[in-house]
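Chains as they are written, first to last, in this note's numbering: chain W, 1 to 441; chain C, 10001 to 11088. Cβ coordinates follow ideal geometry from the N, Cα and C atoms, glycine included. Each remark here refers to the structure printed beneath this line.
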C-alpha cells in the first residue's frame, strides 16, 4: 500500500516538476521541492519510530550534511563543511564525473537518514521510487551508477563520522535519579510519568560549539513556594493564571508550537498516542516553505536544510546541558502540589526538566540561520500544522516566529516565562555561532 | 460381494466413531445447551454513538448472575443482568436442568440503562428472597438507579428501591447484604466505580473528599424504625471518594472476631481496602497493617479458607496474560522510581499487576501472596474468582472467569496503530472511534478451573473439567447445586454470547449441604459460619453470597466430603454468635438448621484458636537500618535485581567480657554502622560511635567478631559491598578493629590488602591449624557489570591481626562467579575446615581442606541457582554435616510455570563499552526473555533494527529476537531456584531436596537453629515492579521428622525483609533471637 502511494506521489511530482521547471526538463531531480519531500519522508519514518525530538535531531542533521557534502562538490558557491566542523574529516577523493548530483544528494540523504532509524531499510520504498524516477527520466546507466556510487561513498563517510559522536555510549549511561525530598527538583509528570529523557545529551559531540557549556545561561530563579510573594511563586501563579484564561488566539499559538511528537492519551485502561511534528520536524518544514517561497534552487535548499539542522542540533545540546544542570521542576508539579491538585496545563508536559525551554532554544537558533540564508523580514505563512488540524499562522520574520514560540510554551502551561526568555536569548547565541562559522563561500 | 464391501464400509465407520468417542474423554463439567436448558440469555453490548470503550472505561465489564430459590420449591433459580435496558432475565428452575423464563411475569427485566451486579437476599425479612440490582447511572448519558425487587411470594416482584431508600443512582457495580452491627437485620454495602481520570495521580488525602456518585456507600437497615435504609457511610468510616475504582466486594469475618469485615478491590493505583469492623458501628481501613501488597488492577475477589486452617484467605484477580505471545505485547510495567513516585510517595501501598492469593498467616495478622507459587497468578483479564469444592474432595478449588472484548493495552496498538491516517486526534472527533476500536486486538479467554492440590498449590484443570476449549468473554459467575445432586454447577454471564451453564457430572464423592433458617428478619442466616471437623481435618465457610464479581452464589453452603461416611462435628455459628453443634453427621445429606436451636456465645479462641507463637516480640528500639536512595537499574538497566540492599548482617559476641552478647550491625551507605552493648536489663546502648562514623561511606554487608590478634578478646572484622563502589574509593574499604578487652575498638591500619570490590560475605576459621584465625571474603558483583565473574579472597593470619592474601598455591579463588555466602565447616570429618561457597548463577562449590591447602573445588552437580545463603548443620542427625541453602524460591515469575534452567546472557551487545544482561526463562524447551521488548530496547536500541512492532517479537524465543547478537555471549544459568537441603552422604556426595513450600515464598536470606529445629527467613524487595517485590515470607520454623523436612510453624508477626538471624546470650540465657532486616529496625524475639 505504501509503495503504491509513493509511486503515485512521485508520478504527480514528475508532473509538477515538469510544469515548474524551466530548465532541466530531462532532470527531474533538479527540484528543490523533491528534496523537501524527501526530508518530509524521513520525518514520517522518525515519527513512526517514536523517536523523541532530541534524538530525531541527529537523524536530520547527519542526513542533511551528507546531502550538502554532495552538493558542495558540484557548486562553487558552497564549500565542504569539513574543517569548519572541526571533527568532520575531509571527504576522500571522489569521482564526480557523470554524476547527477541532485540524485546523488537525495540518495546520500536517504542512506544516512535511514541508517539511524528502524527497522532496517525503512526508506527503501522511497529510494526505490527515486530509482524508478531516474530510469523513467531516461538517465543513462553510466550516470545512474556514478551517482549511486558517489552517494554511497559520501553517505558512508558521514555515517562513519556520526558514529563517533558518543550517541552509542550514552545509551546505557546512568539514568536520572528522582529525589523526592528536593521539592525544586524535576520529577516525571502525568499522564505518562516518563523517565527523564536523555540526561547525558550534553555528552554528544556538538557541531560548531566548542563544548556543551559554551553558552551556559544564568541560574534560574530559586525555587521558593513557602512565600507567596517570592519571585518564583509569582512566576508559578503567572503560568496558572494564563492557563486558566487562555483566549482562542493564545490556544492556537500553544497548539501551533506544541510539536510534542508523541502525545500519550490515557482514558481508563485505554491508551493511545496522538502524533504530531517534533520541533525539528516543524522547523525543517519551515525551511521547505521558505525555500519554496524564495524560489531557492536545489543546492541552496540543501544548504538551508543542513545549516538549520546543525543549528538545532547544537541548540539541543546547549539546552540539555542546562536542563540537567539545574534539574528544575515543571510548573505542573508545583501547581498540583501547592495550589491546585486538579490543574492541568493546556499542553502535555514533555519528560525532562524545565530550564531552559528546548523548543524556544532550537527555534531561536533555527531562526538565526534561516534569516542568514533567506534574509530578515521574510514574511511567510506557516502551513506545517495544517495536516494535524491546526490552522496556519503567518509571520513577519523567522525571528518573530521564534519569539512567538516562547509565548506558546508559557500559554501551554509547561514553562515559566522567565525560562522562555532566557531560552530565546541563548538559542539565538547558538544560531549566531552557526551563522558565523558555516558560510557559503 | 457387494454386501461384504458394504459391511466393511460400515465397520470402518463404526470403528472410527467408536475411537472418536473413546478419545473424547469425559470432562467434570458438561455444557448444557440453551435448547436443553431454556436459558437463552445473552448480554449483548449496546451499540451507540459516543458510547463505547473509549468513553466508558468499563464498557467491557459485562453483567452478573444471582442464584437463589425465589419460589421456595427447593430448586435454585437464576437471575442475569444485562448492560442494556430491559434485558435482565429471571429463570425458574424446573428441575433436571430445565429452566423457564419468567422475567415478564415476575416484572424484573430491569429499567436502568446499564445493569451491573445482582444479589439475592431477604431484604424485608419476610422469608422470601428479594433481588437487588446495581446500575451504572448518572454518567456517560446512562439513566436509571439501583433497583430492589421485593418478592411478593407469588411469582411476582415489585420494585421498591425508592420506598426502602436504596435507589442509589451512580456508578454502582455490586452490593452485599450483611449484618454489620449485629442487630439482626441485613444492612447493605455498595461498591461503586469511578470516573475520575486516573492518569494524573493524586495523593491519598483525596480519599476524604466526598463524591456523590463514585464513592462506596454503606446503608444501615432501619426498616424497623424509619422504614428505610439510612446512608451511614461517613460516620461508619467508609471512604466515599472518587479515588476508589471499586470493582471487587467481599464481606466476611476476616479476622475471626465475630464481626463481619469488608474487603474492597480497587482498580488502578488506589490500593484495595480492608475495613475491619470495630464492633461499634464503624469500620477502620487497616490494609497497611496486614497486607504486604495488593493486585494493581483489582477486579473481582473472593474470601474463603482455601487451605483448611480455619482462617479466611483472599484472592484478588487482575489482568496478567498467561501466555508469552500476549504477555509480551503488554510491556514491562513501570520502572522502580516511577512506581515509587506515582504510588508510594502519594501514600498508596504496594501493588503488583497479577492475581494475588493472600494466604492468611493467622488471625488476619498478616497475609502472604502465594499466587505465583500456587500457579494461579495469570488468568488474563479476569473477573470472578470463586473458591468452591467442585470435585468434592474436601478441598476448595478455584474458578476464574476471564476475557475482554478488546485489549486496549497492547503496545503495538498504543504506539503505532493509534496514529490514525488523517492525523486527527481521537480527542477531537468521534469519526475514527470505530477504526480505533477495531484496531485493538481481541482479548477472548476461557473460564478457568484450578484444582486444589495442597495448601500451597493448584493445578490448571480447565481442559479436564470442560472449559479449556471455550472462547469468549466471561464475567459475572455463580456456583450452585442446580439439580440437587450434591455437587456444584456453574452459571456464567458472557458478553455477546449465550450465558454458559455447566453441569457437574461428578458421581463418586459425597458432600454435605447446609441450609440455614435464621431468625427474622435475617431469615436465610446471612453471615452464619459453619465449621466441619473430621478425620480429614477442618473445613470452614461463611454464608456471604456476594462473591466473585457482580454476582451472588446460592445461599446454601456446600462441603465436599470425599470418601468420608460421616463428619465428626458440624458447628454453626449464627450472626448473633449463638451456636449449635451437631455430631456424627452423615455425608450425602442436606442439613436444615434453625437459628432458634442455637445457644451460648461462640468462643473463637477455644474452637478455632491461632497457634500461639513460641516467642514474644520485645518492644526494643535499639537501632534501625536506613537504606540510601539508590535504584540499581538506573545504572545497569537490565540488572536482574538490586544488589545494593543486601545488608545488614550482624556480628555477635561478648566484647567487654560481662557475660552478655553485644551486637555489631552494618549500616547502609551513608549510615554509620553501630556497636550495641547489651546492658543487664536487656537494653542496648550504642558505643564507639565515633570510629564507625568515620567509615559511614561504606555499605557494610557482613561482619564477624573473632580474636584476630590472639589476645583472647573479640576483635571486629567488617566487610563492605553495595553497588556504588568506585575505583579505590573509601566505599570499598573493609576494616579490622582491635578490641582492648573492655569493648573499646581502634581501627588497625593496613591489616590486610584491601580489595576494592563489592563483597558479600565473610567466614572465619583456622584453616591451617596454626593457632590463629584466618578469614575468607566472598566477592559479589562487579560494579561495572553484573554477570562478570569476580575473584574471592582468602586471608591467612600471621598471628597478630596481620593478614596475607593466600596465593594460588593455597587456594585458587579467581573468577569464582558472584559469591553471596560462604561457610567453613568440616564436611568430610577429617577435622580440617572445608570451605563451601555459593552465589548467584553459581553451584554449591566445596573446597576441601587438605591439611591447610585447598585443592580443586568440587561443584555439586546440577546445583547452579540464585543462592543467597548457606548454613551448615547436621540436619538429619546422622553425624555428618549437611548444608541448608537459601535460593530465589518458587513464588516468582522466574519459576512459576517455567522449567529449568533460568539463564542469563551477558555481553556488551551493542559494543558501546558497557555490558548488558538478558535474563531468560524456559517454557517447553524454548527460551524467552524475561523482559518485554520495550524494556530491552532501552539499553539496546540495536534491537529495533530488526523489529519495530511488539507483535513481531512477542512470543518469540530469545534466539529469534537476538539472532546473531548472541554470538560471543557468556551464558550463565540457574538450574535450581528452590531453597534446598543438601544432605551429606559421606564419601563426598550430597543429595538435594527441596525445603517445604512454606520456605519457598521468597528469596531465603538467613537460617539459624531453634532448639532441635531450624528457622529460615528472607524477602527481597529490590526488584522491578514487573517481577514484583518478594514480601511473602515470614520466618518459618521447620524440622526434620520421619526422613524429611516439614514446616512446623510460621512466625506471622515478623514481616520484614530479613537479612540475618542470630541468637544472643542475655541475662536470662541464650534465649533471644535478633532479626536484622533491610531498611527496618532490629527485632528481638524472646523465647517464652
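Legend entry - Alpha-carbon spacing of residue 10420 of chain C relative to residue 10414 of chain C, whole angstroms: Residue numbering aside, residue 10420 of chain C sits at position 420 when the second chain is read from its first letter. Residue numbering aside, residue 10414 of chain C sits at position 414 when the second chain is read from its first letter. Because residue 10420 of chain C sits at a pLDDT of 49, beneath the cut-off of 50, its placement in the model cannot be relied upon, and the point is left open.
Inset, instruction - State the start and end residues of the unbroken alpha helix (DSSP H) segment that holds residue 10262 of chain C. - result: Residue mapping note: residue 10262 of chain C aligns to position 262 of the second chain, counting from 1. Unbroken run through residue 10262 of chain C is the beta strand (DSSP E), 10261–10267; no alpha helix (DSSP H).
Legend entry - Residues from the region 162–191 of chain W in contact with chain C, defined by Cβ distance under 7 Å: Listed by position along the chain: 168, 169, 171, 172, 174, 175, 177, 178, 179, 180, 187, 188, 190, 191.
Inset, instruction - Taking 8 Å as the cut-off, decide whether the C-beta atoms of residue 10722 of chain C and residue 10644 of chain C are in contact. - result: The sequence position of residue 10722 of chain C within the second chain is 722, counting from 1. The sequence position of residue 10644 of chain C within the second chain is 644, counting from 1. Yes, the Cβ-Cβ distance between residue 10722 of chain C and residue 10644 of chain C is below 8 Å.
Legend entry - Range of the contiguous beta strand (DSSP E) that encloses residue 11083 of chain C: Taking the second chain and counting its residues from 1, one reaches residue 11083 of chain C at position 1083. Here the beta strand (DSSP E) through residue 11083 of chain C covers 11083–11087.
Inset, instruction - Would you grab the beta carbon distance between residue 11007 of chain C and residue 10992 of chain C for me? Rounded to a whole angstrom, and I think it's under 8 Å. - result: In the second chain, residue 11007 of chain C corresponds to position 1007, counting from 1. In the second chain, residue 10992 of chain C corresponds to position 992, counting from 1. At roughly 16 Å, the Cβ-Cβ gap does not stay under 8 Å, so residue 11007 of chain C and residue 10992 of chain C are not in contact.
Legend entry - Within chain W, the residues that residue 10338 of chain C reaches when beta carbons sit closer than 9 Å: For this step, residue 10338 of chain C is matched to residue 338 along the second chain. Counting only Cβ-Cβ distances below 9 Å, residue 10338 of chain C has contacts in chain W at 178, 188, 193, 194, 195, in chain order.
Inset, instruction - Would you decide whether residue 72 of chain W is buried or exposed? Buried here means 16 or more other CB atoms lie within 10 Å of its CB. - result: In the first chain, the residue the question calls residue 72 of chain W occupies position 72. Burial call: buried.
Legend entry - Cβ distance (whole Å) where residue 78 of chain W is taken to contact residue 366 of chain W below 8 Å: By one-based count along the first chain, residue 78 of chain W stands at place 78. By one-based count along the first chain, residue 366 of chain W stands at place 366. Going by Cβ atoms, the distance from residue 78 of chain W to residue 366 of chain W rounds to 19 Å, so no, they are not a contact pair.
Legend entry - Residues that residue 10634 of chain C contacts on chain W, provided the C-beta gap is smaller than 7 Å: By one-based count along the second chain, residue 10634 of chain C stands at place 634. The contacting residues are 174, 175, 177.
Inset, instruction - From the DSSP output, in three-state form, read off residue 10166 of chain C for me. - result: The residue labelled residue 10166 of chain C in the question sits at position 166 within the second chain. Residue 10166 of chain C falls in the coil class under three-state DSSP.
Inset, instruction - Have a look at the DSSP bridge pairing and note the partners of residue 10147 of chain C. - result: Counting from one through the second chain, the residue named residue 10147 of chain C turns up at place 147. Partner(s): C:10133.
Legend entry - Proximity to residue 10513 of chain C [Cα-Cα], best of C:10527, C:10477, C:10554, C:10268: Position 513 of the second chain holds residue 10513 of chain C. Answer by Cα proximity: C:10554.
Legend entry - Below-8 Å beta-carbon distance, residue 10294 of chain C vs any chain W residue: Position 294 of the second chain, counted from the start, is the residue given in the question as residue 10294 of chain C. Judged by the 8 Å Cβ criterion, residue 10294 of chain C is not in contact with chain W.
Inset, instruction - Within 10 angstroms of the Cβ of residue 22 of chain W, are there 16 or more other Cβ atoms? Answer buried if so, exposed if not. - result: Within the first chain, residue 22 of chain W is the residue found at index 22, counting from 1. Bear in mind that the predicted position of residue 22 of chain W carries a pLDDT of just 35, short of 50, making it unreliable; the figure below should be weighed with that in mind. Counting Cβ neighbours within 10 Å, residue 22 of chain W comes out exposed, since fewer than 16 surround it.
Legend entry - Where residue 10341 of chain C sits in the DSSP three-state scheme: Numbered from its first residue, the second chain carries residue 10341 of chain C at position 341. Helix.
Inset, instruction - Could you spell out the range, first to last residue, of the alpha helix (DSSP H) harbouring residue 10960 of chain C? - result: The count along the second chain starts at 1 and reaches residue 10960 of chain C at position 960. Residues 10958–10962.
Inset, instruction - Give the residues of chain C in contact with residue 266 of chain W, contact being defined as C-beta atoms less than 7 Å apart. - result: Reading the first chain from its first residue, position 266 is the one you call residue 266 of chain W. Ordered by position in chain C, the residues that pass the 7 Å Cβ test against residue 266 of chain W are 10199.
Inset, instruction - For residue 10361 of chain C, decide whether its Cβ has a neighbour in chain W, counting only Cβ atoms nearer than 8 Å. - result: Counted from its first residue, the second chain places residue 10361 of chain C at position 361. By this cut-off, residue 10361 of chain C is not an interface position.
Legend entry - Partner residues on chain W for residue 10202 of chain C, Cβ-Cβ distance less than 7 Å: Locating residue 10202 of chain C in the second chain gives position 202, where the first residue counts as 1. 341, listed in chain order.
Inset, instruction - Note down the Cα distance separating residue 10748 of chain C from residue 10704 of chain C, rounded to an integer number of angstroms. - result: Translated into positions along the second chain, residue 10748 of chain C becomes position 748. Translated into positions along the second chain, residue 10704 of chain C becomes position 704. Approximately 15 Å, taken between the alpha carbons.
Inset, instruction - Inspect the CB distances between the region 150–162 of chain W and the region 10899–10912 of chain C and report whether three or more fall short of 8 Å. - result: no
Legend entry - Nearest to residue 10858 of chain C (by Cα), restricted to the options C:10871, C:10828, C:10840: As a working mapping, residue 10858 of chain C is identified with position 858 in the second chain. Checked all of C:10871, C:10828, C:10840; the closest Cα to residue 10858 of chain C is C:10828.
Inset, instruction - Could you check if residue 10958 of chain C is buried or exposed, using at least 16 other CB atoms within 10 Å of its CB as the buried criterion? - result: Here residue 10958 of chain C is taken as the residue at index 958 of the second chain, counted from 1. Result: buried.
Inset, instruction - Could you work out which residue in C:10682, C:10580, C:10575 is closest to residue 10618 of chain C when comparing CA atoms only? - result: In the second chain, counting from the first residue as 1, residue 10618 of chain C sits at position 618. Measuring from the Cα of residue 10618 of chain C, the nearest candidate turns out to be C:10682.
Legend entry - Residues near residue 10626 of chain C in its chain [Cβ-Cβ closer than 7 Å; skip 5 each side]: Position 626 of the second chain holds residue 10626 of chain C. Cβ neighbours of residue 10626 of chain C beyond the five flanking positions: 10668, 10671, 11079.
Inset, instruction - Pull up the distance between the alpha-carbon of residue 10355 of chain C and that of residue 10376 of chain C, whole angstroms please. - result: Numbered from its first residue, the second chain carries residue 10355 of chain C at position 355. Numbered from its first residue, the second chain carries residue 10376 of chain C at position 376. The straight-line gap from Cα to Cα measures roughly 7 Å.
Inset, instruction - Label residue 10611 of chain C either buried or exposed according to how many other C-beta atoms from any shown protein chain fall within 10 Å of its C-beta, with 16 as the threshold for buried. - result: Residue mapping note: residue 10611 of chain C aligns to position 611 of the second chain, counting from 1. Under this definition residue 10611 of chain C is an exposed residue.
Inset, instruction - State yes or no: is the C-beta of residue 10384 of chain C within less than 8 Å of the C-beta of residue 10405 of chain C? - result: Along the second chain, read from residue 1 onward, the residue named residue 10384 of chain C stands at position 384. Along the second chain, read from residue 1 onward, the residue named residue 10405 of chain C stands at position 405. Against a cut-off of 8 Å, the Cβ pair of residue 10405 of chain C and residue 10384 of chain C comes out as no contact.
Inset, instruction - For residue 10048 of chain C, write down the residues that DSSP places opposite it in a beta bridge. - result: In the second chain, the residue the question calls residue 10048 of chain C occupies position 48. Answer by DSSP bridge pairing, in chain order: C:10051.
Inset, instruction - Starting from residue 10912 of chain C, find everything on chain B with Cβ-Cβ shorter than 8 Å and list it in chain order. - result: Absence of chain B from the displayed structure is noted, the protein chains being W and C.
Inset, instruction - Determine the DSSP secondary structure at residue 10498 of chain C, reduced to helix, strand or coil. - result: The count along the second chain starts at 1 and reaches residue 10498 of chain C at position 498. DSSP places residue 10498 of chain C in strand when its eight states are reduced to three.
Inset, instruction - Indicate whether the contact test is met: 3 or more Cβ pairs, each with one atom in the region 184–204 of chain W and one in the region 108–117 of chain W, closer than 8 Å. - result: no
Inset, instruction - Give every residue of the same chain whose Cβ lies closer than 7 Å to the Cβ of residue 86 of chain W, excluding the five residues on either side of it in the sequence, and list them in chain order. - result: Here residue 86 of chain W refers to the residue found at position 86 when the first chain is read from its first residue. So the list is empty, once near-sequence residues are dropped.
Legend entry - Residues of its chain near residue 10163 of chain C, where Cβ-Cβ distance is below 8 Å and the 5 sequence neighbours each way are ignored: Position 163 of the second chain, counted from the start, is the residue given in the question as residue 10163 of chain C. Taken in chain order, the residues that qualify are 10227, 10228.
Inset, instruction - At 9 Å on the CB atoms, spell out the chain W contacts of residue 10341 of chain C, in chain order. - result: Residue mapping note: residue 10341 of chain C aligns to position 341 of the second chain, counting from 1. Ordered by position in chain W, the residues that pass the 9 Å Cβ test against residue 10341 of chain C are 178, 180, 187, 188, 193.
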